[in-house]
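Residue 1441 is where the sequence shown starts when you use this note's numbering, and the numbers rise one by one after that. Backbone N, C-alpha and C fix where the C-beta goes; we use that ideal spot for every residue, glycine too.
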Amino acid sequence: MPESLSRELLTLIDTCNEFVANVMNPAAEHPTDAARALIRAGAKDVGLFPMTQPTDFGGSASSALALCVARETLCSHNPSYLDAVFGPSPGVLANVKDPLYSSHLRPLLAGTIRGSFGFTEPDDAAHPTAGIIQGNELIINGQKSYVTGGADADFINTLVDIKGRGSSLVVINTATAGVALERRFTALDGSHHAAFKFTDVTVPTAHIIGEPGQGLPKAMRQIGDTRLLFAAQASGYMLWTINLLNTHLLGIDKSGKPRGSQNVVRLRYADLRIKAFAARSMLYRTARLADQGQNIVNEAMACKVFATEAVGEIVDTAIQLVGGGALVEDHPLAKLYQKVRTWRLAEGASDVLRLNIGRGILELGKGRI
Ligand SMILES: Cc1cc2nc3c(=O)[nH]c(=O)nc-3n(C[C@H](O)[C@H](O)[C@H](O)COP(=O)(O)OP(=O)(O)OC[C@H]3O[C@@H](n4cnc5c(N)ncnc54)[C@H](O)[C@@H]3O)c2cc1C
């Protein structure tokens, strides 16, 4: 597993394995900024950085399968600073024309400005983030509560309900008058986020991405691509955890026998392998469907739900089998436990995705088994 990979993809796996050993692990010894810079430079050298970037911008616009293979392989080493490996991708800005092309997309891909994504709103928001068009301007009021990287971002791709037009994605520069960074916070996995309030924020209507009213489907497509990569990442961490467990179970316990010789341990361990096998099978099948140009919205949701729940169970059970030592706070399993917990909410809560899968099949006739 996975079988039938092309020669190029097998080479990509080798590249990723060598990259972790020769670049990521040594870089992790340096302070954060230096580590990221070393990883970014190394990733450019070996062709990992441009995989997520379009060819017009010097990228290699890799296939969904290649991106999954690369992400899974890197994560199977539980590396630090994974986010420094791949270049910024266009996301919802793909296909924008001028002025957004020159003002935001080009500098984003060049790494000179940073973007973020504003979708989630606070539970107690008085109303959804809303906009009114007046001439060539759009006036926005509202709140976004969970913007990853928002405190360091130059702009937020924001979901706004525009009066008379519907949900739209709008580029809001964080330095615009009326944009207030209300709170910075760190999630359980160590990732950084921000909450924003918009009070009469005025942006040109040219900052509306694509057609007004098409924001929600556009945002959903973008989240869909990201969900498959989440599944690939989860799959890589499953491999890492199971490898760690293999070593542990082949070790000798106090009775002088291998720890994995007890049937009760083997049953638990086999369950984890079954889950990992299923998650990886779904992932590779779905990536191949995506590369055939098929709509994988439902399958990507299924992969994300299954893989993120499976990795949670795998890490949890691994801790149980390794014992109390795995709960010491700097133990890699203890850290991974915190990291994987966030994935069942990020990019869509598991139960909400389940409801969407049900609706896709029962109401819209979309999705396959
Ligand atoms: C690490 C991390 C990074 C994130 N990054 C971003 C980001 O960059 N941009 C962004 O906009 N958001 C981001 N989020 C927020 C994330 O998208 C939301 O947390 C997630 O969509 C759930 O929304 P919520 O927190 O408002 O919870 P809620 O929507 O209140 O959901 C909580 C629970 O309520 C139930 N529920 C909710 N809706 C329904 C429904 N329709 N039907 C039935 N049950 C329901 C489900 O059980 C769900 O688990 C991030 C979250 C995390 C953890």
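Report yes if the C-beta of residue 1633 is less than 8 Å from at least one heavy atom of ligand 1; otherwise report no.
For the purposes of this step, residue 1633 is identified with residue 193 of the sequence shown, where counting begins at 1. Yes, since a heavy atom of ligand 1 falls inside the 8 Å radius drawn around the Cβ of residue 1633.
Check whether the Cβ atoms of residue 1667 and residue 1740 sit closer than 9 Å, and answer yes or no.
As a working mapping, residue 1667 is identified with position 227 in the sequence shown. As a working mapping, residue 1740 is identified with position 300 in the sequence shown. It is a contact, given that the beta carbons lie within the stated cut-off.
Since I believe residue 1527 is in contact with residue 1499 (beta carbons under 8 Å), could you give me their beta-carbon distance rounded to a whole number of angstroms?
Along the sequence shown, one-based indexing puts residue 1499 at 59. Along the sequence shown, one-based indexing puts residue 1527 at 87. With 8 Å as the limit, residue 1499 and residue 1527 qualify as a contact, their Cβ atoms being about 7 Å apart.
With distances taken from CA atoms, which of 1547, 1652, 1562 and 1561 is nearest residue 1573?
As a first step, residue 1573 must be located in the sequence shown, where it is residue number 133. Among 1547, 1652, 1562 and 1561, the Cα nearest to that of residue 1573 belongs to 1652.
Given residue 1745, which residues of its chain have a CB within under 7 Å of its CB, disregarding the five upstream and five downstream residues?
For the purposes of this step, residue 1745 is taken as residue 305 along the sequence shown, with counting starting at 1. 1790, 1793 and 1794, listed in sequence order.
Compute the beta-carbon to beta-carbon distance between residue 1586 and residue 1560, rounded to the nearest angstrom, for a pair I have assumed lies under 8 Å.
Position 146 of the sequence shown holds residue 1586. Position 120 of the sequence shown holds residue 1560. Taking C-beta atoms under 8 Å as the contact rule, residue 1586 and residue 1560 qualify, at a distance of about 4 Å.
Only counting runs of 3 or more residues, tell me where the beta strand (DSSP E) segments fall wholly within the region 1581-1649, in order along the chain.
Listed in chain order, they are 1595-1602, 1606-1613, 1619-1626 and 1632-1644.
Host alpha helix (DSSP H) of residue 1459 (start-end)
On the sequence shown, position 19 is the one that residue 1459 refers to. Here the alpha helix (DSSP H) through residue 1459 covers 1447-1459.
Buried or exposed: which applies to residue 1490, given that a residue is buried once 16 or more other Cβ atoms fall within 10 Å of its Cβ?
Against the sequence shown, residue 1490 aligns to sequence position 50. Counting C-beta atoms within 10 angstroms of its own C-beta, residue 1490 has 16 or more neighbours from the protein chains shown and is therefore classed as buried.
Starting from residue 1574, trace the alpha helix (DSSP H) both ways and give me its first and last residue.
Translated into the one-based positions of the sequence shown, residue 1574 becomes position 134. Residue 1574 -> not in any alpha helix (DSSP H); beta strand (DSSP E) instead, spanning 1570-1574.
Rounded to whole angstroms, what's the CA-CA distance from residue 1447 to residue 1636? Just pull it up for me.
Position 7 of the sequence shown, counted from the first residue, corresponds to residue 1447. Position 196 of the sequence shown, counted from the first residue, corresponds to residue 1636. About 47 Å.
Compute the minimum distance between the beta carbon of residue 1671 and the heavy atoms of ligand 1, and state whether it is under 8 Å.
Working through the sequence shown from its first residue, we reach residue 1671 at position 231. Because no heavy atom of ligand 1 lies under 8 Å away, the Cβ of residue 1671 does not count as near it: no.
Which word fits residue 1541, buried or exposed, when buried means at least 16 other C-beta atoms lie within 10 angstroms of its C-beta?
As a first step, residue 1541 must be located in the sequence shown, where it is residue number 101. Sixteen is the threshold: since fewer than 16 other Cβ atoms of the shown chains lie within 10 Å of the Cβ of residue 1541, the residue is exposed.
Looking only at its own chain, which residues have a Cβ that is under 6 Å from the Cβ of residue 1590, when we skip the five neighbours before and after it?
Position 150 of the sequence shown, counting from 1, holds the residue named residue 1590. 1556 and 1634.
Considering residue 1670, what are the terminal residues of the beta strand (DSSP E) in which it resides?
Translated into positions along the sequence shown, residue 1670 becomes position 230. Unbroken run through residue 1670 is the alpha helix (DSSP H), 1655-1690; no beta strand (DSSP E).
Name all residues in chain order for which at least one heavy atom of ligand 1 lies closer than 7 Å to the residue's CB.
Output, sorted by chain position: 1556, 1557, 1558, 1559, 1560, 1563, 1584, 1586, 1587, 1588, 1627, 1629, 1631, 1633, 1782, 1785, 1786, 1787, 1788, 1789, 1790, 1791, 1792 and 1795.
Alpha carbons only, please: which of 1767, 1785 and 1786 is nearest the one belonging to residue 1777?
Position 337 of the sequence shown, counting from 1, holds the residue named residue 1777. Here the closest residue by C-alpha is 1767.
Measure how close the beta-carbons of residue 1531 and residue 1597 come, nearest whole angstrom, since I'm counting them as under 8 Å.
On the sequence shown, position 91 is the one that residue 1531 refers to. On the sequence shown, position 157 is the one that residue 1597 refers to. In this structure residue 1531 touches residue 1597 by the C-beta definition: roughly 7 Å separates them, less than 8 Å.
Ignoring anything shorter than 4 residues, give me the alpha helix (DSSP H) runs that lie fully in the region 1454-1499, in order along the chain.
Listed in chain order, they are 1472-1486.
Comparing alpha-carbon positions, which option in 1601, 1661 and 1749 lies nearest residue 1784?
Within the sequence shown, numbered from 1, the residue matching residue 1784 stands at position 344. Looking at the Cα atoms, 1749 is the closest of the given residues.
Taking the beta carbon of residue 1720 as the centre, do at least 16 other beta carbons fall within 10 Å, making it buried, or is it exposed?
Here the question's residue 1720 lines up with position 280 in the sequence shown. Around the beta carbon of residue 1720, 16 or more other beta carbons lie within 10 angstroms, which makes this residue buried.
Quick test of the definition: if touching needs 3 or more C-beta pairs under 8 Å, does the region 1647-1664 touch the region 1605-1615?
Yes, the region 1647-1664 touches the region 1605-1615.
Which residue comes first and which comes last in the alpha helix (DSSP H) that contains residue 1556?
For this step, residue 1556 is matched to residue 116 along the sequence shown. Element bounds for residue 1556: not the alpha helix (DSSP H) but the beta strand (DSSP E), 1555-1558.
Enumerate in chain order the residues of its own chain whose CB-to-CB distance from residue 1727 is below 6 Å, with the five nearest sequence positions on each side excluded.
As a working mapping, residue 1727 is identified with position 287 in the sequence shown. Cβ neighbours of residue 1727 beyond the five flanking positions: 1504, 1505 and 1508.
Drop a sphere of 10 angstroms on the beta-carbon of residue 1772, count the other beta-carbons inside from all chains shown, and report buried for 16 or more, exposed for fewer.
Within the sequence shown, numbered from 1, the residue matching residue 1772 stands at position 332. Residue 1772 should be labelled exposed.
Going by other Cβ atoms of all chains shown within 10 Å of its Cβ, with 16 needed for buried, is residue 1441 buried or exposed?
For the purposes of this step, residue 1441 is identified with residue 1 of the sequence shown, where counting begins at 1. Exposed: under 16 other Cβ atoms inside 10 Å.
With a threshold of 7 Å on Cβ separation, who are the neighbours of residue 1398 within its own chain once the five nearest residues in sequence on each side are excluded?
Residue 1398 lies beyond the residue range present for the chain, which begins at 1441 and ends at 1809; the question has no answer from this structure.
Best match in 1472, 1458, 1469 and 1496 for proximity to residue 1485 [C-alpha to C-alpha]:
Within the sequence shown, numbered from 1, the residue matching residue 1485 stands at position 45. Looking at 1472, 1458, 1469 and 1496, the one whose alpha-carbon comes closest to that of residue 1485 is 1458.
Establish whether the CB of residue 1572 and some CB of chain D are separated by less than 9 Å.
The structure shown contains no chain D, having only a single protein chain.
Tell me whether residue 1675 is buried or exposed, calling it buried when 16 or more other Cβ atoms sit within 10 Å of its Cβ.
By 1-based counting over the sequence shown, the position of residue 1675 is 235. Buried, since its Cβ has 16 or more Cβ neighbours within 10 Å.
Three-state secondary structure assigned by DSSP to residue 1577:
Locating residue 1577 in the sequence shown gives position 137, counting from the first residue. In the structure shown, residue 1577 sits in a strand (DSSP, three-state: E or B).
Could you check the C-alpha separation between residue 1451 and residue 1600 for me, to the nearest Å?
The residue given as residue 1451 occupies position 11 in the sequence shown. The residue given as residue 1600 occupies position 160 in the sequence shown. If I take the Cα positions, the gap works out to 43 Å.
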